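Here is the structure we will look at.
In this note's numbering, the protein residues as written are 33 to 299.
Below you can see the structure in the form of C-alpha coordinates.
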(Lines of atoms letter the chains of each structure in order from A and count residues from 1; the text may use other names and numbers.)
(Lines give C-alpha, C1' and ligand atoms only; values in the text may rest on other atoms or scores of the structure.)
Protein backbone atom coordinates (compact mmCIF):
# COMPACT_ATOMS: atom_id res chain seq x y z
CA UNK A 1 0.00 0.00 0.00
CA UNK A 2 1.23 3.48 -0.78
CA UNK A 3 1.49 5.95 2.06
CA UNK A 4 -0.40 9.18 1.72
CA UNK A 5 1.79 12.25 2.02
CA UNK A 6 1.25 14.41 5.11
CA UNK A 7 -0.05 17.84 4.16
CA UNK A 8 1.66 21.05 5.24
CA UNK A 9 -1.00 23.22 6.83
CA UNK A 10 -1.37 26.65 5.29
CA UNK A 11 -3.78 29.50 5.79
CA UNK A 12 -7.30 29.06 4.52
CA UNK A 13 -7.92 29.65 0.82
CA UNK A 14 -8.81 33.18 -0.20
CA UNK A 15 -12.50 33.95 0.36
CA UNK A 16 -14.43 31.21 -1.42
CA UNK A 17 -16.82 32.52 -4.06
CA UNK A 18 -18.52 31.44 -7.24
CA UNK A 19 -15.33 32.35 -9.10
CA UNK A 20 -13.53 29.37 -7.66
CA UNK A 21 -16.46 27.03 -7.17
CA UNK A 22 -16.37 23.68 -8.97
CA UNK A 23 -18.33 23.36 -12.18
CA UNK A 24 -21.21 20.90 -11.94
CA UNK A 25 -22.01 20.94 -15.65
CA UNK A 26 -18.73 19.53 -16.93
CA UNK A 27 -18.04 15.94 -15.80
CA UNK A 28 -14.35 16.31 -16.79
CA UNK A 29 -13.81 19.12 -14.28
CA UNK A 30 -12.31 18.06 -10.98
CA UNK A 31 -14.39 19.14 -7.97
CA UNK A 32 -11.65 21.45 -6.70
CA UNK A 33 -10.92 23.10 -10.04
CA UNK A 34 -12.09 26.67 -10.77
CA UNK A 35 -15.12 27.09 -13.02
CA UNK A 36 -14.19 26.85 -16.73
CA UNK A 37 -16.71 29.58 -17.46
CA UNK A 38 -14.60 32.01 -15.42
CA UNK A 39 -11.09 30.59 -15.85
CA UNK A 40 -9.24 29.20 -18.87
CA UNK A 41 -6.70 26.41 -18.47
CA UNK A 42 -3.07 26.06 -19.54
CA UNK A 43 -1.50 22.64 -18.92
CA UNK A 44 2.15 22.40 -17.86
CA UNK A 45 3.63 19.21 -19.32
CA UNK A 46 7.02 17.89 -18.29
CA UNK A 47 9.75 18.34 -20.87
CA UNK A 48 13.45 17.48 -20.93
CA UNK A 49 15.64 18.25 -17.89
CA UNK A 50 12.91 19.68 -15.65
CA UNK A 51 11.65 22.02 -18.37
CA UNK A 52 7.97 22.59 -19.13
CA UNK A 53 5.75 22.86 -22.19
CA UNK A 54 2.68 25.06 -21.61
CA UNK A 55 -0.31 23.98 -23.70
CA UNK A 56 -3.87 25.40 -23.72
CA UNK A 57 -6.41 22.81 -22.68
CA UNK A 58 -8.25 23.17 -26.00
CA UNK A 59 -5.14 22.63 -28.13
CA UNK A 60 -2.39 20.10 -28.76
CA UNK A 61 0.18 22.74 -29.69
CA UNK A 62 2.44 24.46 -27.12
CA UNK A 63 1.72 28.09 -26.34
CA UNK A 64 4.94 28.65 -24.36
CA UNK A 65 8.02 26.76 -23.25
CA UNK A 66 9.78 27.07 -19.88
CA UNK A 67 13.52 26.40 -19.67
CA UNK A 68 14.94 26.02 -16.14
CA UNK A 69 18.69 26.46 -15.73
CA UNK A 70 20.41 25.78 -12.42
CA UNK A 71 24.08 25.53 -13.31
CA UNK A 72 24.72 27.74 -16.36
CA UNK A 73 26.51 30.97 -15.37
CA UNK A 74 24.98 34.27 -16.58
CA UNK A 75 21.93 32.47 -17.96
CA UNK A 76 18.50 33.28 -16.45
CA UNK A 77 17.25 30.65 -14.03
CA UNK A 78 13.83 30.56 -15.71
CA UNK A 79 13.19 31.53 -19.34
CA UNK A 80 9.78 31.65 -21.00
CA UNK A 81 9.78 31.45 -24.80
CA UNK A 82 7.06 31.39 -27.44
CA UNK A 83 5.92 27.87 -28.39
CA UNK A 84 9.27 26.00 -28.17
CA UNK A 85 12.63 26.22 -26.41
CA UNK A 86 14.10 27.92 -29.49
CA UNK A 87 11.27 30.45 -29.83
CA UNK A 88 11.53 34.18 -29.10
CA UNK A 89 12.21 34.99 -25.43
CA UNK A 90 9.18 36.64 -23.80
CA UNK A 91 10.40 36.81 -20.19
CA UNK A 92 13.01 35.65 -17.70
CA UNK A 93 13.58 35.23 -13.97
CA UNK A 94 16.93 35.66 -12.24
CA UNK A 95 17.16 33.96 -8.84
CA UNK A 96 19.78 35.09 -6.35
CA UNK A 97 20.84 33.97 -2.89
CA UNK A 98 22.52 37.32 -2.21
CA UNK A 99 19.89 39.81 -3.40
CA UNK A 100 16.24 40.02 -4.45
CA UNK A 101 15.09 37.87 -7.31
CA UNK A 102 13.92 39.76 -10.40
CA UNK A 103 11.47 38.98 -13.20
CA UNK A 104 11.75 40.64 -16.58
CA UNK A 105 9.31 40.98 -19.46
CA UNK A 106 11.25 40.88 -22.71
CA UNK A 107 14.54 39.46 -23.93
CA UNK A 108 17.69 40.72 -22.16
CA UNK A 109 19.85 39.11 -24.84
CA UNK A 110 18.19 40.89 -27.78
CA UNK A 111 19.94 43.49 -29.92
CA UNK A 112 18.46 46.30 -27.85
CA UNK A 113 19.52 44.51 -24.67
CA UNK A 114 17.92 45.23 -21.32
CA UNK A 115 16.65 48.67 -22.36
CA UNK A 116 13.41 47.13 -23.58
CA UNK A 117 12.97 44.75 -20.64
CA UNK A 118 10.47 45.65 -17.90
CA UNK A 119 12.17 44.46 -14.70
CA UNK A 120 10.13 43.82 -11.56
CA UNK A 121 10.75 42.49 -8.05
CA UNK A 122 10.00 38.80 -7.37
CA UNK A 123 10.50 37.88 -3.73
CA UNK A 124 9.64 35.20 -1.16
CA UNK A 125 7.72 36.86 1.68
CA UNK A 126 7.97 33.80 3.95
CA UNK A 127 11.68 33.15 4.44
CA UNK A 128 11.28 29.81 6.20
CA UNK A 129 8.16 28.31 4.61
CA UNK A 130 8.29 30.07 1.22
CA UNK A 131 4.49 30.11 1.40
CA UNK A 132 4.17 33.42 -0.46
CA UNK A 133 5.91 34.88 -3.51
CA UNK A 134 5.25 38.52 -4.24
CA UNK A 135 5.91 40.44 -7.44
CA UNK A 136 5.44 44.01 -8.63
CA UNK A 137 3.77 44.95 -11.89
CA UNK A 138 3.67 48.56 -13.08
CA UNK A 139 0.35 49.32 -14.76
CA UNK A 140 1.21 50.67 -18.21
CA UNK A 141 -2.02 52.68 -18.40
CA UNK A 142 -1.90 54.42 -15.00
CA UNK A 143 1.79 54.17 -14.08
CA UNK A 144 0.70 52.72 -10.71
CA UNK A 145 2.90 50.05 -9.16
CA UNK A 146 0.66 47.15 -8.22
CA UNK A 147 1.62 44.16 -6.07
CA UNK A 148 0.50 40.56 -6.57
CA UNK A 149 1.08 37.41 -4.51
CA UNK A 150 1.29 33.72 -5.32
CA UNK A 151 0.11 32.07 -2.09
CA UNK A 152 0.58 28.38 -1.34
CA UNK A 153 -2.68 26.63 -0.47
CA UNK A 154 -1.47 23.05 -0.18
CA UNK A 155 1.71 20.97 -0.34
CA UNK A 156 2.42 17.43 0.79
CA UNK A 157 5.44 17.03 3.04
CA UNK A 158 7.28 15.00 0.38
CA UNK A 159 5.88 16.82 -2.65
CA UNK A 160 8.28 18.92 -4.71
CA UNK A 161 5.75 21.59 -5.71
CA UNK A 162 2.77 23.39 -4.14
CA UNK A 163 -0.75 24.24 -5.14
CA UNK A 164 -1.07 28.04 -5.31
CA UNK A 165 -3.47 30.93 -5.81
CA UNK A 166 -2.64 34.35 -7.23
CA UNK A 167 -4.30 37.54 -6.01
CA UNK A 168 -3.61 41.26 -5.86
CA UNK A 169 -2.48 42.73 -2.55
CA UNK A 170 -5.26 44.90 -1.14
CA UNK A 171 -4.29 48.58 -0.97
CA UNK A 172 -0.94 47.88 -2.60
CA UNK A 173 0.50 46.74 0.74
CA UNK A 174 3.51 44.45 0.72
CA UNK A 175 4.33 41.74 3.25
CA UNK A 176 3.83 38.16 4.30
CA UNK A 177 0.55 38.94 6.05
CA UNK A 178 -0.85 41.41 3.52
CA UNK A 179 -4.56 41.05 2.77
CA UNK A 180 -5.29 39.60 -0.65
CA UNK A 181 -8.17 40.25 -3.03
CA UNK A 182 -10.06 37.97 -5.38
CA UNK A 183 -8.40 34.95 -6.96
CA UNK A 184 -6.92 35.83 -10.36
CA UNK A 185 -5.14 32.56 -11.12
CA UNK A 186 -4.75 29.08 -9.64
CA UNK A 187 -2.06 26.44 -10.01
CA UNK A 188 -2.77 22.78 -9.27
CA UNK A 189 0.32 20.57 -9.23
CA UNK A 190 0.56 16.90 -10.15
CA UNK A 191 2.97 14.76 -8.14
CA UNK A 192 4.94 11.73 -9.24
CA UNK A 193 8.11 11.13 -11.24
CA UNK A 194 6.28 9.42 -14.11
CA UNK A 195 3.48 11.93 -14.58
CA UNK A 196 3.51 13.62 -17.99
CA UNK A 197 1.49 16.53 -16.64
CA UNK A 198 3.38 18.69 -14.17
CA UNK A 199 0.35 20.76 -13.27
CA UNK A 200 -2.41 23.07 -14.51
CA UNK A 201 -2.73 26.84 -14.51
CA UNK A 202 -6.18 28.40 -14.39
CA UNK A 203 -6.29 32.10 -15.39
CA UNK A 204 -9.29 34.35 -14.88
CA UNK A 205 -10.98 35.20 -18.16
CA UNK A 206 -11.08 38.86 -19.19
CA UNK A 207 -8.82 40.05 -16.37
CA UNK A 208 -5.45 41.60 -17.18
CA UNK A 209 -3.13 44.53 -16.52
CA UNK A 210 -1.33 46.20 -19.39
CA UNK A 211 2.42 46.38 -18.95
CA UNK A 212 4.54 49.46 -19.51
CA UNK A 213 5.45 48.02 -22.89
CA UNK A 214 1.77 47.73 -23.82
CA UNK A 215 0.74 51.07 -22.33
CA UNK A 216 1.71 52.91 -25.47
CA UNK A 217 -1.24 51.37 -27.32
CA UNK A 218 0.01 47.90 -28.22
CA UNK A 219 -2.84 45.41 -27.88
CA UNK A 220 -1.62 42.44 -25.91
CA UNK A 221 -4.79 40.39 -25.99
CA UNK A 222 -6.06 37.98 -23.33
CA UNK A 223 -3.98 34.97 -24.32
CA UNK A 224 -5.43 31.56 -23.70
CA UNK A 225 -4.75 30.26 -27.20
CA UNK A 226 -3.19 33.35 -28.78
CA UNK A 227 0.41 32.23 -28.67
CA UNK A 228 1.98 34.54 -31.23
CA UNK A 229 4.46 37.03 -29.76
CA UNK A 230 2.32 40.07 -30.61
CA UNK A 231 -0.92 38.62 -29.35
CA UNK A 232 -0.05 36.81 -26.14
CA UNK A 233 -0.29 39.64 -23.63
CA UNK A 234 2.31 40.52 -21.01
CA UNK A 235 -0.07 39.84 -18.12
CA UNK A 236 -0.49 36.21 -19.14
CA UNK A 237 3.28 35.92 -19.60
CA UNK A 238 3.90 37.45 -16.15
CA UNK A 239 1.41 35.14 -14.41
CA UNK A 240 2.84 31.99 -15.98
CA UNK A 241 6.46 33.10 -15.58
CA UNK A 242 6.19 33.96 -11.88
CA UNK A 243 4.11 30.84 -11.23
CA UNK A 244 6.77 28.69 -12.88
CA UNK A 245 9.43 30.59 -10.92
CA UNK A 246 7.73 29.65 -7.64
CA UNK A 247 7.47 26.03 -8.83
CA UNK A 248 11.17 25.96 -9.75
CA UNK A 249 12.28 27.32 -6.37
CA UNK A 250 10.16 24.65 -4.65
CA UNK A 251 11.75 21.94 -6.82
CA UNK A 252 15.24 23.17 -5.95
CA UNK A 253 14.47 23.16 -2.23
CA UNK A 254 13.06 19.63 -2.53
CA UNK A 255 16.18 18.47 -4.37
CA UNK A 256 18.40 20.06 -1.70
CA UNK A 257 16.44 18.30 1.05
CA UNK A 258 16.82 14.95 -0.68
CA UNK A 259 20.56 15.58 -1.07
CA UNK A 260 20.95 16.58 2.57
CA UNK A 261 19.07 13.47 3.68
CA UNK A 262 21.39 11.22 1.68
CA UNK A 263 24.27 11.30 4.10
CA UNK A 264 25.92 14.47 2.98
CA UNK A 265 25.95 13.65 -0.71
CA UNK A 266 25.14 17.27 -1.63
CA UNK A 267 28.31 18.68 -0.11
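Backbone N, C-alpha and C define an ideal beta-carbon position, used for all residues, glycine too. Only a predicted model underlies this, so the values are computations on that prediction, with no experimental measurement involved.
Between the C-alpha atoms of residue 157 and residue 121 there is a straight-line separation of about 28 Å. About 5 Å separates the Cβ atoms of residue 112 and residue 96, confirming a contact at the 8 Å cut-off.
Annotation for residue 193: no beta strand (DSSP E) segment contains it, and DSSP assigns it neither H nor E. Taking the Cβ atoms as the reference, residue 150 lies roughly 6 Å from residue 138, within the contact range of under 8 Å.
The bridge partners DSSP lists for residue 88 are 74.
Per DSSP, reduced to three states, the secondary structure at residue 151 is strand. Rounded to whole angstroms, residue 175 and residue 99 show a C-alpha spacing of 31 Å.
Around the beta carbon of residue 173, fewer than 16 other beta carbons sit within 10 angstroms, so the residue counts as exposed. Residue 247 and residue 267 have their C-alpha atoms roughly 12 Å apart. In this structure, DSSP gives residue 231 an extended state, which the three-state scheme calls strand. Taking the C-beta atoms as reference points, residue 76 is found nearer than 9 Å to residue 229. Spanning the alpha carbons of residue 68 and residue 217 requires a straight line of approximately 12 Å. Sequence-distant partners of residue 132 (beyond 5 residues in either direction) whose C-beta falls short of 7 Å from its own C-beta, in its chain, are 153, 155. A straight line joining the alpha-carbon of residue 135 with that of residue 275 spans about 11 Å. Note on residue 242: 16 or more other CB atoms within 10 angstroms of its CB, so buried under the neighbour-count rule.
Nearest Cα to residue 74 within the set 83, 64, 90: 90. Per DSSP, residue 83 is not a residue of any beta strand (DSSP E), being assigned neither H nor E. For residue 278, the CB contacts under 7 Å within the same chain, skipping 5 residues up- and downstream, are 165, 182, 196 in chain order.
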